[in-house]
Amino acid sequence: MNLLFLIGLPLLTAVAVLLSRNKQQVKWIALAGSIAQLGLAFVLFFIYQQERNSGNAAQMLFEQNYPLFASLNINFHFGVDGISIAMILLTAFVVVAGVLVSWKIEKMTKEFYFLLLLLGMGAYGFFISLDLFILFFFLEISVIPKYLLIGIWGSGKKEYSANKLALMLMGGSALILVGMLGLYFAGGRSFDILTLSKATISAGYQSLLFPLLFVGFGVFTALFPLHTWVPDGHSSAPTAGSMFLAGISMKLGGYGCLRVATYLLPEGAKEFADIIIILSAIAILYGAFATMMQKDLKYINAYSSVSHVGFSLLGIGMLTQTAITGALMQMVSHGLMTALFFAVIGMIYDRTHTRMVGDMGGLMKKLPFISTIFFIVGLCSLGLPGLSGFVAEMTIFMGSWQNTDAFHRIATIAAAMSIVVTAVYILRAIGNTVMGPIKNENYLTLKDAAWNEKLAAILLVAGILAIGIVPGWLNDLLRPAAEEIMNRIAGK
Amino acid sequence: MPNVTAIALIPLLPLAGFLLLGLFGRKYLKNSSGLIGTVLLLASTILALYTAYEYFFVYGNVGGVYQKFVPLQLTWLEFSPGVSIDMGLIIDPISVMMLVVVTFISLMVHIYSLGYLKGEERFPTYFSYLGLFTFSMLGLVLASNIFQIYIFWELVGVSSFLLIGYYYDKPSAVAACKKAFIVTRFADLGFLIGILILSFSGGTLDFSTLIERLTSPESNAFKTAAASTFLGASALTWGAALVFIGGAGKSAMFPLHIWLPDAMEGPTPVSALIHAATMVVAGVYLVARLFPIFSITVPGVLEIIGWVGAISAIIAAIIACTQTDIKRVLAYSTMSQIGYMMFALGVSNYGGEAGLGYTASMFHLFTHAMFKALLFLGAGAVIHYVHSNDMKDMGGLRKLLPITHITFLIACLAIAGVPPFAGFFSKEEILLAAFQNNMAIYYIALITSGITAFYMFRLYFNIFWNKPHHAHGENKSEGGFVMMLPLILLAISAAAAGFIPFGEFVSSDGRLLESHFHLSFSIAPVALAVVGIFTALWLYKKENDKPAKFASSMGGAYKAAYNKFYIDEVYLFITKKVLFNLIGRPAAWFDKNVVDGLMNLIGTITEYISEGIKKIQSGRVQQYAIYFLGGVIFLAALFIYLLK
Amino acid sequence: MNEFFTLMKSELVITAIIFLLLFIKIGKGMKNDSLLSLVQALLLINFIVGFFFNKEGNLFGDMFYTSSLIVFQKNILSLGVYLISLLCSDWLKKTEHLPEFFILMLSALLGMFLMISSGNLLIFYLSLELATIPVAAMANFDLHKKRSSEGAMKMILSSAFSSGILLFGISLIYGITGTLSFAAIPGQLDGSTLQILGFVFLVAAFAFKLSIVPFHLWTADVYEGSPVAVTAFLSVISKGSIAFIFITALYKVFAPMQDVWYMMLVIFAIITMVIGNLFAIRQQNIKRFLAFSSIAQVGFILVGMSSGSNIGITAVVYFILIYTFSNLAAFGVAAVIAEQTGKENIDDYKGLYKTNPFLCWILALALFSLAGIPPTAGFFGKLFLITAGATKASFTFIIIAALNMIISLYYYLRVIRAAFMDKNESPIGKIKLGIAVKLGLIICAAGILLVGLFSWIYDYINSLS
Amino acid sequence: MEPGLYHILFLSTALFFIGVYGFLTRRNLITMLMSIELILNSVNLNFIAFNKYLWPNQMDGLFFSLFIIAIAAAEAAVAIAIIINLYRSHNSIDVENAEDLKY
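Chains as they are written, first to last, in the numbering used here: chain A, 7 to 498; chain B, 757 to 1400; chain C, 9 to 473; chain D, 60 to 162.
Structure (structure tokens):
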């Protein structure tokens, strides 16, 4: 199928939103468009499965290649493998949910949805592009929407957060840019990932470029200690904004770390793997402990994101096929989970007008639905079997354990310890908000979720369960791609 | 051959109940929910009994050996070739036995709850939780794969969390369920790492293969595992020990037992189901499941298990003597009894006569489930009647609650180990096993059984005799048929279960193991039990000040026991002071000020510089010209002198 | 003879327009509005004519030389002038000396045309002065504003000074090589000390006009002092033209000295970017702000130039095309606001979005394009400049360039933040946009959005260079 | 003796630097303008000298100097105009009074 639909459809929707007359129209168009995207993603998924089952073993399917800047050998080169498919599905889910939860946005609705859809488009484009230049283009394209979404519709010290986010991400992109150019000239004037993956780049040069690219993408996915945009950015953003940021944008980084840095520069990856492991292990524990101390629900989730994303980086650093598969699973799982988490927080905030854990209590009585969702997402975050988090984390642990030396073992155990700390802060959050006696009489008049919120929540929960209960499909989707990457690392 | 559908249905029916009631109960099935849950469970109980019959009397026993069947095994998640989580059903003596226990007790609790929680606001939720728990427990029992057992292990944990926190608006309940979850979670960390080690050295997650590979001395899996050592212990030992930590956590073994007493915040039937009969024995079951591996580890993990069990048994018994909340007394007695089971495994060996402890442990698990559930349900009836958990609000209830009184008495006799009640036989075997292997543990066990008798009857007398009950006005009956039926059924089984020739069915290696009695041996424990009972009688039959005197004569010891030996406080110190203040707070501070500060610092510095250099732009043409010339000269100098 | 007309057609057209205006002036004159629209039409024609009957060749014994690339560059410039005439029409209508203004501007443009296609130091010098002196006069066009005259004074004095230096350099080069023609000089160069001295003097003049640090100090003052139209002209048109001829000078005339000027360009690029950015951070006046931002942009242009190969030329020309659109869009917005409210401070823009969303989006597009963020064309422009710079593969240089993008983003965001996010109880009122202004802004926006995606433009330029 | 190239170059260079010095130090705008004229004249000297002594067979230098003189006149004209306008607004032609635009 033609992958350009994935870019065209969101673009069309966005334009349609711009042209539409009143708020109602805007919302419905956006919803219809995003649902169409979801459908498209599923179609893609099934066609992809068919192709694979029919024995098409090509690394990338549905490749398309149009020259863009011929003289610089820059091409619109698209194609998907399992990883891209998984990420596209994730994006589609989050986009629909995001559109749904922002149903109540009154301020500049049109612009809001326009930017939201633009953000989604960037993600789609990023995940399907096989040309570093295009990849970078789509990575950067999301800067404007992010900045404006946080700055205009955000809350708290939004300008500060928006600035910080934009600048830190820009810093990341700057490093990526340099690394990219390094690859371009080292790989014989080509940005094409598949070409570069065949190119032979000297180990020394690789270990020069790898840090640039990995750290660059790492900024996007909250690599310790460059994660500080995460808490502020997420907590200041509007609900949908946080969902997109944590659910999609952070995954761009992880994807880049794997697909660009690790895949194209295996020697560099080998050389820096230990540092990656150390950093991510720190991020996992440190993020978890920092979360214990947070009082604002959004900060809790933001810091826990730092911790959770650390798992996917750990998986990458472990450089075993299972671990990398786990890392990718963790990206998908965390994307759905954190999006849901932010959605729920948003719902609670809209009703109680506070995000402070201390001020709430006993929401279960009046908001059974929202509270149940809160329970589910909390349990997912602490890795309960049957929910996506468990599958991903266990895969990472199993994969990490395949490295037999003490260093990797200790790192794994350290990471595993976080499951206890996670339990502590999640239960703390749940216990003080959903459970316990009602502290505030006004809460007795609260209304439970509206249809759009219910729909959004159910959608994401469905995703979480689909991975948590029958993880096989995701595993089969990601494993071959991970294998490909491992082969390159193993030098096969 | 095992009937797959029948077996698969046993856990699936409760699951169906959970989904049904969880999704629609609140709206549509408000009143019928209890009935639905019970009926579904009745069905799976019948299936379980059918399976048990089939297994034990039809196909299970081939050539005098009870076989291990895995009739169903679906790959759920494949990590790497050969290493995958499979969802399977395992059928062997202990799993079948557990099936019966779990379904039967759960059914009793369902029926009982119909009456106990009548008119509750969240009736459907309650029954859906029960369904979830039963499902996960059965899944745990049937797990054919070490990771599968971990999965259901966690699910059991969370459903117990939900049920303990059922009265979610009671702060104490919330605290209790959090504590229970976190403590067990901490233990599960050990379990998880244990799994990682074992599965890595075994190269598989499947129980049968794993055991086979790790126990046959000539397999290279065993060789490598035994060879690769860490801190002086082989990988195998580490794996087994860590797995045991998981088991200890769930089974509330010292020092991970602190969650169990608090867990009594849940509704009493729940305590009966989860914290007496089924979930808390999961640890024992786990050890039994991996018994072959445990039995060959050097240095013996079994010894650790034995001692942990013994210590838990006696400490719990001592604490139980001092508690006044009847449910807490029962909780500690549970802990103590599980201690029995544990050390029974600890003193056992694999195969043949030496495997007596194993059989005894399973036997005690079985009988204990019956009478402990009975005790809890009885206590429930009492609490339901007097609306209090505390002994001082009770007394003289034997007239008002006749049925409860009788059944409770039977249960007490059973747990005290008075023949011919169930407890006697199982405890007898355990003591015998201990006697054969480890005298120290044997004596501890002996003393414990005496104390057990004492505190159980202290409880009994305090509830039913002692001071006359001051009936506060209302004169209602003791809960009606639905609550009495389970009591009676359980009483019967508690009385009769002992006569099952358990050794014929359950033994470490599946072979027959006939248990023979020496009257001479059983004199000591019974005598001690009687002594205990009479002390209790003397102290608590009538209301008097002897107990107080007695307590004060004990002085510090009593106080220590009353405060559960201050173990909670230790934990509190570790979590609050160390984790929160020494790690959490600094981490948060560091992130807020240092890491974030660095980023902001960069910005500030930039602005500072730009402020500093603004003087260049002085606004004077001539100054500009000077810079101009300076530039020219600089370039000229650079290129003429430096680059030549 | 025929060749004379085809090769010099743009110059001739401009001259014709200039004379036409002169006659109108001498004659009874015209109303500003009609005159303005007339001139706009003429400039449009000039721009369109630029695309036809182009030939490569030279006249007057190599003194005048043109190629399709040069024609393309001229087209960019005339497009820029056309856009300025559209965007600043509010201000232009009000000036009482409209014809003179256009005469000056066009003669400056003529000077640039000649400069771009000059093949000889003499012509170069003459056209340079022709391109400079009128602008100084234009800078003073707000006759009654103190700042305007001050700016003009600073400009004329410093440019006179710089041309003095330039001439000294030329005289040295003449002394050594004995020729003034671009074609002949390279053969004579051997990198002797005196040559380098002359070269440095010459480059200093270029640097002054391009406002490369430390020769940039006049820029901000002049920009702030002079009317927006003039500022726009300075920052886009004259910068562009100088950049074009600078490339020719370096790549053709001083080719033998490449290792020298590569080094120099690297130094220039770094300090220019850094200083320009650092100053831009704390500016309040939008014109001054744009002045420093354009200095920083020049730094990026130098990065591209340093490659010393075709890819460099292409990147620079391409970037200047995009830069024309982006910067003029920004200036256009600033111009209408300044003209209708007299407000030129960034803080005055607070809450602008409430009242003028259209202007805000244009502004945002322009600034994001300047900051080099997709989907705007600026992204491609900057990226290709850096790519060109990376051909020499000196990582530190590229990293510094890339990191400077962060600082620049920071201050561009300041403006956007003021316009979109900051609260303001008394924001700038609704602004009426004339047809011309609207047209100009839309053209700019279209350019910003499309030039990047229409990749054939880049390839076309590449084929020329 | 008859002056050689170097004498003239010396003279012109001296003239150049005198001009520069004057430009940098004088406060009066007119004087600054005059010092620029000095610079230009030194350049003229250069051209003529080079032309006479080094490249006598072509006239480039001479023409160049002629053009310089012409341009200088034009430049001066505009400059004076601007200065006059400045005087109108500032009531002074002292460079130090025209420093509003800075930082």
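Just so you know, even glycine gets a beta-carbon here, dropped at the ideal spot from N, CA and C.
- Sequence-ordered contacts of the stretch 353-386 of chain C with chain A read F376, I381, P382 and P383 [C-beta pairs closer than 7 Å].
- In this chain, the beta strand (DSSP E) harbouring Q70 of chain A covers L67 to F75.
- Cβ contact annotation for I379 of chain A (same chain, cutoff 6 Å, sequence separation greater than five): V350 and A463, in chain order.
- Residues of the stretch 423-439 of chain C that bring their beta carbon within less than 9 Å of a beta carbon in chain A comprise I424, R425, F428, M429 and D430, in sequence order.
- For I220 of chain C, no alpha helix (DSSP H) run applies, since DSSP gives it neither H nor E.
- Taking the Cα positions, K1223 of chain B is about 12 Å away from L1295 of chain B.
- In this structure, the straight-line span from the alpha carbon of S189 of chain C to that of G183 of chain C is close to 13 Å.
- The Cβ-Cβ distance between S97 of chain C and G442 of chain C falls below 8 Å.
- Among the residues of chain C, those whose CB is under 8 Å from the CB of N169 of chain A are Y418, L421 and R425, following chain order.
- Below the 7 Å Cβ cutoff, chain D contributes N144 as neighbours of L151 of chain C, in chain order.
- Of all alpha-carbon atoms in A:L25, A:Q212 and A:I376, the one lying nearest the alpha-carbon of I436 of chain A is that of A:I376.
- Close to I1365 of chain B, with beta-carbon spacing below 7 Å, are these residues of chain C in chain order: L286.
- Taking 8 Å as the cut-off, the Cβ atoms of L385 of chain A and L471 of chain A do not count as close.
- Scanning its chain for C-beta atoms nearer than 6 Å, with the 5 sequence neighbours on each side dropped, one finds around S1117 of chain B the residues M1097, A1100 and L1101, in chain order.
- When C-beta distances to chain C are compared with 8 Å, the residues of the stretch 121-145 of chain D below that value are F122, F123, F126, I127, I130, A133, E134, V137, A138, A140, I141, I142, N144 and L145, in chain order.
- A direct Cα-Cα distance of roughly 28 Å separates L285 of chain A from L483 of chain A.
- When DSSP reads this structure, L828 of chain B sits in a beta bridge with B:L845.
- Apart from the 5 residues on each side of it in sequence, T401 of chain A sits with its Cβ closer than 7 Å to the Cβ of T328, T331, G332 and M335 in its chain, given in chain order.
- With at least 16 other beta carbons inside 10 angstroms of its own, L29 of chain C counts as buried.
- Burial check for N438 of chain A: the Cβ neighbour count within 10 Å reaches 16 or more, so the residue is buried.
- C-alpha of S124 of chain D to C-alpha of F109 of chain D: approximately 11 Å in a straight line.
- Here Y65 of chain D is exposed. Its C-beta has fewer than 16 other C-beta atoms within 10 Å.
- Taking the CA atoms as reference points, S473 of chain C sits about 15 Å from G65 of chain C.
- In chain order, L271, E273 and G274 place their CB closer than 7 Å to the CB of Q212 of chain A, counting only its own chain and leaving out the 5 sequence neighbours on each side.
- Taken in chain order, the complete alpha helix (DSSP H) segments of 4 or more residues contained in the stretch 1239-1308 of chain B are 1258-1261 and 1275-1296.
- Taking 8 Å as the threshold, the shortest C-beta distance from L1385 of chain B to chain D falls below it.
- For S869 of chain B, the secondary structure class from DSSP, reduced to helix, strand or coil, is helix.
- Chain-ordered listing is empty here: chain C has no CB closer than 7 Å to the CB of L1338 of chain B, the nearest sitting near 37 Å.
- Neighbours of K934 of chain B in chain A, taken as residues at a C-beta separation under 7 Å, are given in chain order as L433 and G437.
- Here H83 of chain A carries a strand assignment [DSSP, helix/strand/coil].
- Taking the C-beta atoms as reference points, T881 of chain B is found no nearer than 8 Å to L797 of chain B.
- Beta-bridge annotation (DSSP): S135 of chain A is paired with A:F84.
- Contact between P770 of chain B and L894 of chain B holds, since their C-beta atoms are separated by about 7 Å, short of 8 Å.
- Not flagged as an interface residue toward chain B: R155 of chain C, since no C-beta distance is shorter than 8 Å.
- If one requires a minimum length of 3 residues, no beta strand (DSSP E) run lies completely within the stretch 996-1028 of chain B.
- By the rule that beta-carbons nearer than 8 Å mark a contact, N87 of chain D does not touch chain C.
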